[in-house]
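Numbering (mature numbering (1 follows the signal peptide of the UniProt record, and there is no 0)), first residue to last: -25 to -1, 1 to 174.
Glycine included, every Cβ here is placed at the ideal spot set by N, Cα and C.
Next comes the structure, spelled out in structure tokens:
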């Protein structure tokens, strides 16, 4: 499967939207170490790896299909942040993780963890709304606008979904998968309770 095809399919699963940095990271591939300024210490410490994996698991928990931990989404996120994102996005990611660490995310119960992530998601939505308004003002004034970093939770959620649905577990067990597809049928009715197709 071509990278563009995979990206388009993951974007559909996410409601059709991916942030510009995620699109660029996925389409351009990984950069050399001179092209990304590292704002985070790599590799992640065992505690940081556990935190990233736990957040991903809350976003995509194990049900009758594997969860994000089984699909090794935490490792995918670390690799993508390290090799494919610029310093400002790495800083945004680091800031979000530090906020959760300050709140003792890993020691909290499941309900509290979910509440913390919902709070982080609401903050990301506010940041995106504010950036959209600022970008509009700059554009109307004929000025060039420099994109702000992707808000932490937005970036985390995008990478979790991207990592999960492009993993073997996500593509073959969470979605209907045809290893060698036959002819293309553009309009097929889904049966009740049928999974979406892996594309």
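Item                                                                                         : Value
Contact belief for residue 87 with residue 49 at Cβ below 8 Å, rounded distance in angstroms : About 20 Å separates the two Cβ atoms, so there is no contact after all.
Proximity below 9 Å, CB of residue 30 to CB of residue 68                                    : no
Assumed close pair residue 126, residue 63 - CB separation to whole angstroms, cut-off 8 Å   : Not really, about 12 Å apart at Cβ, beyond 8 Å.
Distance, residue 140 Cα to residue 28 Cα                                                    : 16 Å
Sub-9 Å separation of residue 148 and residue 40 beta-carbons                                : yes
Cβ pair residue 43, residue 34 closer than 9 Å                                               : yes
Opening and closing residue of the alpha helix (DSSP H) in which residue 68 lies             : 62 to 77
Strand pairing of residue 151, partner residues [DSSP]                                       : 172
Backbone secondary structure at residue 163 - three-state DSSP                               : coil
Where residue 157 sits in the DSSP three-state scheme                                        : coil
Reduced DSSP secondary structure (H/G/I, E/B, other) of residue 125                          : coil
Nearest candidate by alpha-carbon position, reference residue 160, set 172, 131 and 89       : 172
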